[in-house]
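Chemist:
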Amino acid sequence: MSDLSIRVAIADDHPVVLRGLASELERNPAIRLVGQATDSTELIALLDRNSCDVLVLDYAMPGGSHGDGLVLISHLRRRWLDLRVVLYTMVDNPALLLAIVKHGVKAVVSKSDSMSRLVDGVYAAHGGRRYYSPLIKDMLLETMMVAETDRLTPREAEIVRLFCAGGTITEIAERLHRSVQTVSTQKRSAMRKLGVSRDVDLIKLFSDIPQKTQAAQG
């Protein structure tokens, strides 16, 4: 095993999920699995015994003496300052996801996304980068856009959302069953209301979700 391998611990209260996580991660030669836990008591003991670079953590993991959710995340961040957390979760509440981001979790992967996204999250977290799997990113983006696009019509807001998610004007027109000219006109109207004149500025307005949530936190 290479000395440069990423040391990863996994924690989930469902044994079948743990087995799936372990199988996915162990296929990657750059990742070394250092242990597994099914509740916060086992997790804290595991981290006390083993050096760990990245923790893959389920959000809802009841039964342990250190709690779960935001309580456990806060405890981990205080006690292990260098530990990078990848939240692997079924959480689909946008407000709760924003709270998780505000607690310093830079990588969140939905259990409904492909498990291959988990490896991407581990690499990103280990490198100090943010990572949100597609479903998580869509939920966060939509939530932030509600605040940013309250001046837009529902059609304008939908076009902006799809454009910022990578859709072209032609693709958006086909998806919404509208003409390219109509979509282009509504996009320009939305940009004017949002105070941006370039596509790159429109995308940037909604791309940096963590900074927006931190600014809102004050």
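My numbering puts the first residue of the sequence shown at 90, with every later residue one more than the last.
Just so it is clear, CB atoms sit at the ideal spot from N, CA and C, and this is done for glycine as well.
Everything numeric in this text was worked out from a predicted model, so none of it was measured.
According to DSSP, which residues form a beta bridge with ASN119?
Modeler: According to the sequence as given, residue 119 is Ala; it is not Asn. ALA119 is not bridged to any residue.
Chemist: Assess, as a yes-or-no matter, whether the segment 158–172 is touched by the segment 106–123 under the definition of 3 or more beta carbon pairs within less than 8 Å.
Modeler: The segment 106–123 is not in contact with the segment 158–172.
Chemist: Would you give the residue range spanned by the alpha helix (DSSP H) that THR259 belongs to?
Modeler: 258–265
Chemist: Tell me which residue opens and which closes the alpha helix (DSSP H) that THR178 is part of.
Modeler: Run containing THR178: none in the alpha helix (DSSP H); it sits in the beta strand (DSSP E), 173–178.
Chemist: Please name the residue, chosen from ALA262, TYR221, THR130, TYR212, that lies closest to GLY152 on a Cα-to-Cα basis.
Modeler: THR130
Chemist: Find out if the Cβ-Cβ distance for the pair LEU207, VAL198 is shorter than 7 Å.
Modeler: yes
Chemist: Taking 7 Å as the limit between beta carbons, can you name the residues of its chain near GLN275, skipping five residues before and five after?
Modeler: Excluding residues within five positions, the ones whose Cβ falls inside 7 Å are ARG244, GLU245, ILE248.
Chemist: Quick one: what's LEU144 bridged to in DSSP?
Modeler: ALA98, VAL174
Chemist: DSSP state of GLY255, grouped into three classes?
Modeler: coil
Chemist: Could you give the distance in angstroms between the alpha-carbon of GLN125 and the alpha-carbon of PRO223?
Modeler: 26 Å
Chemist: Using DSSP with H/G/I as helix, E/B as strand and the rest coil, what is ALA126?
Modeler: strand
Chemist: One question on the structure: do VAL174 and LEU144 come within less than 7 Å of each other, judged by their Cβ atoms?
Modeler: yes
Chemist: Measure the CB-CB distance between SER268 and ILE258 and report whether it falls below 7 Å.
Modeler: no
Chemist: Can you tell me the Cα-Cα spacing of ARG240 and ALA279, whole angstroms?
Modeler: 9 Å
Chemist: Output the distance between the C-alpha atoms of ALA98 and LEU291, rounded to the nearest integer angstrom.
Modeler: Near 39 Å, if we compare the C-alpha coordinates of LEU291 and ALA98.
Chemist: Where does LEU294 land, buried or exposed, given buried means 16+ other C-beta within 10 angstroms?
Modeler: buried
Chemist: Determine the closest residue to MET228 out of LEU170, TRP169, MET179, with distance taken between C-alpha atoms.
Modeler: MET179
Chemist: Bridge partners for VAL198 per DSSP, in chain order?
Modeler: TYR177
Chemist: Considering only C-alpha positions, which residue in the set ALA134, ASN182, SER201, LEU185 is nearest to TRP169?
Modeler: ALA134
Chemist: So ARG206 is in the alpha helix (DSSP H); what residue range does that whole segment cover?
Modeler: Where ARG206 is concerned, the enclosing alpha helix (DSSP H) stretches over 205–215.
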